[in-house]
Amino acid sequence: MSAPAEAAAFLEFRHIWQEYGPHVVLENVSLSVNRGEFCTLVGASGCGKSTFLRLLLGQESPSRGRILLDGAALAAEPDATRGIVFQRYSVFPHLTVRDNVMLGLELQAARVVGRLYGSAKRQARETAEQMLASVGLTHSMALYPSRLSGGMQQRLALAQALVMRPRVLLLDEPFGALDPGIRRDMHGLLLDLWKQTGVTVFMVTHDLSEGFRLGTRLLVFDKLRVDPQHPQAYGARITYDIPLNQDRRAAVLDALPPDLVTQLSTREVSTS
Amino acid sequence: MRLINRVPTPGLRIGLALLPLLLMALIYLSASAQRHAVNPDDKLLPSAAQMVTAVQHMGFEQDTRSGRYLLWADTGASLRRLALGLGLSAAIGLVFGIAAGTLPLFAAPVSPLVAVLSMIPPLAVLPILFIVFGLDELSKVMLITIGVAPMLVRDLEHQALQMPRELLIKAQTLGANTWTTITRVVLPQLLPRLLIALRLQLGCAWLFLISAEAIASTDGLGYRIFLMRRYLAMDVILPYVAWITLLAYSMDWLLRRLTARAFPWFAESGK
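So the protein sequences, as listed, match chains A and X.
Each step along the first sequence adds one to the number in my numbering, with nothing skipped, and position 249 is 249.
Each step along the second sequence adds one to the number in my numbering, with nothing skipped, and position 236 is 1236.
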């Protein structure tokens, strides 16, 4: 765990355990992730994918083990370093599309009133409108989210998270409730945004083909040991860690040192 | 066509809504006419003409003793008490409800306390209010507040807890602290729910107002009704009750309009 390559990792999980009383969810999970990777998390229901994401978000703290972001312990509550898009309830119903994206900029700059005025506000509005243009919501900026379709709401949620320039973007089954056609469009949009921003992404999905198509790294969560009398006695681990889509990754990692790139395996995986 | 699938047209709907009201008026007027045919001095069921005369006397002629127009003076006094009591309740409900619904450390001592306090029948403490706050305005406003505020606190706390947890987490990932989470996310989403909770408490607020006025007051709609009972002046009491009903209904309607006008997102999301 103290190997030099791991110590230099952007995000590092060291022997993470998560237990709720006698119920073990994650069992000794260690993982290191480089900047700019797109990790997709798959596994059966109840196998700790979402728990893993909540730990990364700071919504929960691990029972044992440490999570390091750039060598420093991860904050134990959600903050602006990590953006999140949930399957539902990601956008604020009482704000228009534009105000939803501006909210983060305002909260970040005005710690007491939570609002900007004058030229600062105009600037935030321009930034928000550019972000909305990049997700294709230019014509819906004055609407409230309830008027948007499910796909448009998730576009808005992505814009709202990315305008903060988070270091890590967490996606909790963001497209799970969308129609297949719209889901494909969203995949294209998400990859475009990822390439533009170079943000490190963790995405939980139930859809294996989605995981293969989008990720540069597929993490499979599964229980290695199962006690039929005590199904909750053993937790899940990352049983497969598959590098994917390096061609896309190479384009993103132009700016990164070559030793990081050589770490990538050349293993080919079909997206059947 | 089955009955469950038959829907009235808009015109028929209005007609059907008016029908029971018209029927009641008709039954009343015919009963009144019958009694007056037997006894022209009947006071129990005054005729429409008698009530018009009484309203004219109460509302459009100066009272000989005080020089005031009694109906309007009573209305003003009652509405003022009601507005103060409801305003105070709304402020308490908003502050304590939101604090208890968003801050677990605040909810731990306050939430059980409010649950107990809200079970005290407000009218049972009315004598205490009269002793502590005196017989004038303050005790009446306090009765309304004591009756309504705990319900609003509990309702808003519940509504704050019902908000999807995801929204509060999202706000934190957008850089919000506790204070800005409350002011920019929780408060704006609870304001329309406060108006709905207020509408539901309007009936209770009127009940407490009329009770307090009936027991100790020198003006107000409740005071007048109970005063007129001594003279069996049904020609005044019935129009007063109708007037109170109209006022209460209008307040409900205004609050509903205000919710739709001030919070368009709330009406759109259909919650």
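Even glycine gets a Cβ: it sits at the ideal position worked out from N, Cα and C.
Chain-ordered neighbours of residue i on chain A, where CB pairs are closer than 8 angstroms
| i | result |
| --- | --- |
| X/GLY1015 | Result: empty, since nearest Cβ-Cβ is about 34 angstroms, beyond 8 angstroms. |
| X/ARG1176 | The amino acid at residue 1176 of chain X is misidentified as Arg; the sequence shows Ala. Those within 8 angstroms of X/ALA1176 in chain A are LEU107 and GLY114. |
| X/PRO1164 | ARG88 and TYR89 |
| X/GLU1061 | What X/GLU1061 touches in chain A: nothing, since even the nearest Cβ is about 51 angstroms away. |
Bridge-paired residues (DSSP) for residue i
| i | result |
| --- | --- |
| A/PHE29 | Contrary to the premise, residue 29 of chain A reads as Val rather than Phe in this sequence. DSSP output for A/VAL29 lists A/ILE16 as bridge partner(s). |
| A/GLY43 | A/PHE221 |
| A/PHE38 | A/VAL201 |
| A/VAL24 | A/GLU19 |
| A/PRO243 | A/ARG217 |
| A/ASP172 | A/VAL204 |
Classification of residue i by the beta-carbon crowding that lies within 10 angstroms, buried from 16 upward
| i | result |
| --- | --- |
| A/HIS94 | buried |
| A/THR138 | exposed |
| A/ALA124 | buried |
| A/PRO22 | exposed |
| X/THR1075 | buried |
| X/PRO1109 | exposed |
| X/GLY1097 | buried |
| A/TYR117 | exposed |
| X/SER1078 | buried |
| X/TRP1072 | exposed |
| X/LYS1043 | exposed |
| A/VAL309 | No information on residue 309 of chain A is available, as it lies outside the stretch 1 to 272 that chain A covers here. |
| X/PHE1060 | exposed |
| X/GLN1162 | exposed |
| A/PRO135 | Looking at the sequence provided, one finds Val at residue 135 of chain A rather than Pro. So A/VAL135 counts as buried. |
| X/ILE1027 | exposed |
Secondary structure of residue i, DSSP reduced to three states
| i | result |
| --- | --- |
| A/HIS230 | strand |
| X/THR1075 | helix |
| X/GLY1101 | helix |
| A/ALA236 | strand |
| A/ARG167 | coil |
| A/LEU11 | strand |
| A/GLY65 | strand |
| X/PRO1192 | helix |
| X/ARG1065 | coil |
| X/GLU1268 | helix |
| X/LYS1043 | coil |
| X/THR1009 | coil |
| X/GLY1015 | helix |
| A/GLY58 | coil |
| X/ARG1257 | helix |
| A/ASP185 | helix |
| X/GLY1093 | helix |
| X/PHE1263 | coil |
| X/ASP1252 | helix |
| X/MET1001 | coil |
| A/ASP70 | coil |
Where residue i meets chain B, residues with beta-carbon distance less than 7 angstroms
| i | result |
| --- | --- |
| A/LEU103 | The displayed structure is made up of protein chains A and X, and chain B is not among them. |
Residues that residue i contacts on chain A, provided the C-beta gap is smaller than 9 angstroms
| i | result |
| --- | --- |
| X/SER1189 | Checking the sequence, you will find Gln at residue 1189 of chain X rather than Ser. Near X/GLN1189 (Cβ distances below 9 angstroms), the residues of chain A are PHE92, PRO93 and HIS94. |
Chain-ordered neighbours of residue i on chain X, where CB pairs are closer than 9 angstroms
| i | result |
| --- | --- |
| A/ILE16 | Chain X residues near A/ILE16: none, gap ~20 angstroms exceeds 9 angstroms. |
Chain X residues whose Cβ lies nearer than 7 angstroms to that of residue i
| i | result |
| --- | --- |
| A/ALA80 | THR1173, LEU1174 and GLY1175 |
| A/ILE67 | Result: empty, since nearest Cβ-Cβ is about 16 angstroms, beyond 7 angstroms. |
| A/ARG147 | GLU1268 |
| A/GLY83 | THR1173 |
Interface partners of residue i on chain X, CB under 8 angstroms
| i | result |
| --- | --- |
| A/ARG111 | ASN1177 and THR1180 |
| A/GLN59 | ILE1169 |
| A/MET164 | THR1173, LEU1174 and GLY1175 |
| A/GLU173 | Those do not exist, as A/GLU173 stays about 12 angstroms from chain X at its closest Cβ, beyond 8 angstroms. |
| A/GLU77 | GLN1172 |
heavy atom of the ligand ADP below 7 angstroms from residue i C-beta
| i | result |
| --- | --- |
| A/PRO231 | In terms of ligand content, the structure shown is empty, and the ligand ADP therefore cannot be addressed. |
Where residue i meets chain A, residues with beta-carbon distance less than 7 angstroms
| i | result |
| --- | --- |
| X/TRP1265 | PRO93, HIS94, TYR144 and SER146 |
Counting only runs that start and end within the stretch 72-118 of chain A, where is the alpha helix (DSSP H) found for 4 or more residues in a row? Listed in chain order, they are 97-109.
**Request:** Only counting runs of 4 or more residues, tell me where the alpha helix (DSSP H) segments fall wholly within the stretch 126-165 of chain A, in order along the chain.
**Result:** Taking 4 residues as the minimum length, the alpha helix (DSSP H) runs contained wholly in the stretch 126-165 of chain A are 150-162, in order along the chain.
Original post:
Residue ranges of each alpha helix (DSSP H) run of no fewer than 4 residues wholly in the stretch 1189-1248 of chain X, ordered along the chain?
Top reply: With a minimum length of 4 residues, the continuous alpha helix (DSSP H) runs that stay inside the stretch 1189-1248 of chain X are 1221-1229.
At what residue ranges does the stretch 1105-1168 of chain X contain a whole run of the alpha helix (DSSP H), taking only runs of 4 or more? Entirely contained in the stretch 1105-1168 of chain X, the alpha helix (DSSP H) runs reaching 4 residues are, in chain order, 1126-1133 and 1137-1162.
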